[in-house]
Structure formats: structure tokens, C-alpha cells
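**Student:** In this note's numbering, the protein residues as written are 3 to 409. This is the structure, below, for whatever I ask next.
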């Protein structure tokens, strides 16, 4: 419980910060191409760092790693906020520091969070813990989307309290890092999984992770292909969406914030209801249906100019993204031993980051920034997710048998 509370508290303010930074750089400063470069640089850094992070997760105490992550975030974000108050203004370098530090933290936080959850949870409860993590995470982001829109706009209903500056939002972010630290200190647990106790160096441990996945090619294929929706959703939310809203739909920062809130609401609904629709024995069928739905949604985002329909479509995208994450993580928990889970998740993350690098490089080119051409990015994402539909269809029985044999 303390683990989920700590993750929720810091997740709300991190979400507000990321939404604020995205809008600040792309639209307030009018530098969408520069934000694309920022996003690209952070993603490129994620490739070597994410690979190394997986070996740390499998080697060290996962609670201590979480404490370090929160301390790291607190120091950097608080320092940036105080600098903003001292200077009396926001600057691009402030946005860059918080953005890059958050990305660095995310690349070890989530592999560590899932590995820690698997370590302290009985196998029959894997579906419950993955659902609860997603419910908590998306509840946090739903709140972040709504609060971000309100703070950026500076008013709610008829009450005008003034727009929050970026450094004021960062101060809120820093405060929640501190609260999360306090809850993490309260966690007491007993490991229920076999940890990797080898004293091999980082290189050899990483090699063992690669050997494990390459010796299980279908698990590798499953992990890679079911991650495409995450890549598409992340590139959309963190880069393409604010440009799409401004150039194609003609919306404001409020529309952006509430669109992200709609995404999180859909994800929250998925966390609550996904296992009511698909049982633990039908994980592959659920993933196939979610990929088909996401294919259609990304396509319609490229042709829709109605704000209300955007909220609905993006809410469904949130449902498919979170549902895929829940079913996928439950599947991987079933088929991958805990002593390899950190490295396996990191390898999947590195492959996913590489895909994002390619997508960001394409979408930040001159063609997509001109006029409303960013909408064509949605068609590309739709086609990529459809490849996942084909792979899941052709390997349906194989993937299903792997999951059934793990029970």
C-alpha cells in the first residue's frame, strides 16, 4: 500500500511538470522543433542508461533504489524551482533540467517498480498488482492532466487565480518527492522470489539477460511487439499532441491538459475493468483486441478536428494503452523469472526507446512541423500498431500456450 501511495503522490506532480514543460517549450516559447530535439536527446540517452538500469534493478535492493530515485528528483527539481524564484522568471534551461532528470528517473523507476511488485507478490495475485499499479498510475495522471490544465490556464470556472509559472509548478513537484520519500521509508516487506545472487560484473549480468531473451525468441518477440502502443502513445502525448491541438484543431493549453486527462481517465477505467473483460487465461486475446482498437483510434486522430471527439478518442487510446500494459506485464510476470525481470524489462525498454528515436526523428522534420501536417504522424502510428495486430494474430496459439504453461 505504501508503495502505491508513494508512487501516486510523486506521479501527480511529475505529470503536471511534464505537461507544463511540453506546452511551455512547444507553444509558449514557440519552439516545437527544439522540444522534438529535447525529446530525441532524452530518448537517445535512455538507450544506454536503460540497459544499465536493468542490471542495477536485478542486483540491488529495490526499496533502496526507489529511495535513491526520489532523493535524486527532490534535489534537482527543488534546486531548479529555487533558481526560478531567485531569478523571478522561467527559462528554457530550467525546463530542460527537470525534463531530463525526470526521464532519467523514469528509466530506472518503472523497471524497478515492476520488479519490486513481482518480488513481493504471490503468483496468483500478479493480475491484481499489475491492475493496481496501473489504476494508481493513471489516477495520478488523470489528476495531473486536470490540475495541469487549471494551473496553466490560471482559472477554474469563474475564479481567476492567475497562471502558475513553471518554477512554481516545479516547487510543487519537489514537495511531492519529499512526501513520497516518507512513505517509502515506511515499507516493510518479505521477498517471495528468488533473487539473482551471482557476483558477476555489470557486463556479464547484462549478457545473461540478453542470453535469456535470445534463447526465448517468442518471449522476446512478444515483449517487443506489445510495446509499440506505448511508444506511439508516449510520442503522441509528449510531442505530437500539443502541436496537433494547436495547428490542426486550434485548441489551447486547456484543451491539451484535458486531453491528457481524458487519456488518463480511459487508462483508469482499463485498470478497473480489464480483467472483467479478459481473464488471466485470455491475455493474448485481450492484447489482440486492444491493438485493433488502438489502430482505429490513431487513424481517427489524424482526421478529427472536433475537441469533444478528441477527448473521446484519446480516452479510448488511454484505455488501450493501459489495458495493454496490464495484460502485457501480467504475461511477462508469468513467463519470466524474477531474477531476470529487471534486465528483460530494460531490454524491452531500450528497444522501445530506439523505436521512439526513429519516430521522433521523423515527426520533428520540417514537413511535419509545417501547417497541420503533424496529423499524418497519426496515420504512421496507426500502421505501426497494425503490424502488432498481424504479429499477435499469426503467433496467437504460440503466445497463448506459453502463458498457459507458466501457470
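We put the CB at the ideal spot given by N, CA and C, even for glycine.
Let's see if you can read the secondary structure: which residues bound the alpha helix (DSSP H) around residue 117?
**Tutor:** Run containing residue 117: 94-121, per the alpha helix (DSSP H) assignment.
**Student:** Return the residue from the list 124, 167, 369, 48 that minimises the CA-CA distance to residue 108.
**Tutor:** Nearest C-alpha to residue 108: 48.
**Student:** How would you write the range of the alpha helix (DSSP H) that residue 307 sits in, first residue to last?
**Tutor:** Where residue 307 is concerned, there is no enclosing alpha helix (DSSP H), given that its DSSP letter is neither H nor E.
**Student:** Could you tell me whether the region 232-245 touches the region 355-371, using the rule of 3 or more Cβ pairs below 8 Å?
**Tutor:** Yes: the two stretches touch, three or more of their Cβ pairs being nearer than 8 Å.
**Student:** Given 8 Å as the limit, is there contact between the region 385-403 and the region 259-267, that is, 3 or more CB pairs closer than that?
**Tutor:** The region 385-403 vs the region 259-267: no contact.
**Student:** Around the C-beta of residue 341, are 16 or more other C-beta atoms found within 10 angstroms, so that it is buried, or is it exposed?
**Tutor:** Result: buried.
**Student:** With a cut-off of 8 Å, do at least 3 Cβ pairs link the region 215-224 to the region 364-382?
**Tutor:** The answer is no - the region 364-382 does not touch the region 215-224, with fewer than three Cβ pairs under 8 Å.
**Student:** Return the CA-CA distance between residue 152 and residue 217, expressed in angstroms with no decimal places.
**Tutor:** Those two C-alpha atoms are separated by around 50 Å.
**Student:** Three or more C-beta pairs closer than 8 Å, one from the region 69-81 and one from the region 99-116: is that the case here?
**Tutor:** The region 69-81 vs the region 99-116: in contact.
**Student:** Between 34, 20, 22, 10, which lies nearest to residue 248 when the distance is taken from Cα to Cα?
**Tutor:** The residue with the shortest Cα to Cα distance from residue 248 is 34.
**Student:** Considering only residues of the same chain and omitting the five flanking positions on each side of residue 338, which have a CB-CB separation below 6 Å?
**Tutor:** The residues are 346.
**Student:** Could you give the C-beta distance for residue 265 and residue 317, rounded to a whole number, given that I count them as a contact under 8 Å?
**Tutor:** About 7 Å; that satisfies the 8 Å criterion.
**Student:** Counting only the same chain and skipping the five closest in sequence on each side, list residues whose C-beta sits under 6 Å from that of residue 26.
**Tutor:** Excluding positions up to five away in sequence, the list reads 97, 168.
**Student:** Could you tell me which of 99, 142, 251 sits nearest to residue 37, measuring between CA atoms?
**Tutor:** Selected option, being the one with the closest Cα: 99.
**Student:** Check whether the Cβ atoms of residue 2 and residue 309 sit closer than 8 Å, and answer yes or no.
**Tutor:** Within the shown structure, residues of the chain are numbered from 3 to 409, placing residue 2 beyond reach of any answer.
**Student:** How many whole angstroms separate the CB atoms of residue 328 and residue 132, which I take to be in contact at a CB cut-off of 8 Å?
**Tutor:** Contact holds; Cβ gap of about 5 Å.
**Student:** Kindly indicate the opening and closing residues of the alpha helix (DSSP H) around residue 391.
**Tutor:** Segment 377-396, the alpha helix (DSSP H) holding residue 391.
**Student:** Residue 101: which of 229, 91, 285, 42 sits nearest, CA to CA?
**Tutor:** If we check each option's Cα against that of residue 101, 42 comes out closest.
**Student:** Exposed or buried, what is residue 263 when buried is set at 16 or more other beta-carbons lying within 10 Å of its beta-carbon?
**Tutor:** Classification for residue 263: buried.
**Student:** Could you say which of 365, 352, 227 lies nearest to residue 397 if we only look at CA atoms?
**Tutor:** Ranking 365, 352, 227 by Cα distance to residue 397 puts 227 first.
**Student:** How many Å lie between residue 356 and residue 80 at the Cα?
**Tutor:** Cα-Cα distance, rounded: 31 Å.
**Student:** At which residue ranges does the region 166-191 contain complete alpha helix (DSSP H) runs of 4 or more residues, listed in the order of the chain?
**Tutor:** Taking only runs of at least 4 residues, the alpha helix (DSSP H) segments lying wholly in the region 166-191 are 168-187.
**Student:** Beta-carbon within less than 7 Å of residue 330's beta-carbon, same chain only, minus the 5 sequence neighbours each way: which residues are those?
**Tutor:** Cβ within range, chain order: 228, 289.
**Student:** Is it buried or exposed for residue 354, if we count other Cβ within 10 angstroms and need 16 for buried?
**Tutor:** Under this definition residue 354 is a buried residue.
**Student:** Assign residue 88 to buried or exposed, taking buried as 16 or more other Cβ atoms, counted over all protein chains shown, within 10 Å of its Cβ.
**Tutor:** By the neighbour-count rule (16 or more Cβ atoms within 10 Å), residue 88 is not buried but exposed.
**Student:** What do you get for residue 276, buried or exposed, if any count of 16 or more other CB atoms within 10 angstroms of its CB means buried?
**Tutor:** Classification for residue 276: buried.
**Student:** Within the continuous alpha helix (DSSP H) that includes residue 69, where are the two ends?
**Tutor:** 64-89 is the extent of the alpha helix (DSSP H) around residue 69.
**Student:** By alpha-carbon positions, which one of 302, 55, 120 ends up nearest to residue 334?
**Tutor:** Per the Cα distances, 120.
**Student:** Going straight from the alpha carbon of residue 55 to that of residue 190, what length do you get?
**Tutor:** For residue 55 and residue 190, the distance between alpha carbons rounds to 23 Å.
**Student:** What are the boundary residues of the alpha helix (DSSP H) that residue 298 is part of?
**Tutor:** It spans 285-303 - the alpha helix (DSSP H) in which residue 298 sits, taken as one unbroken run.
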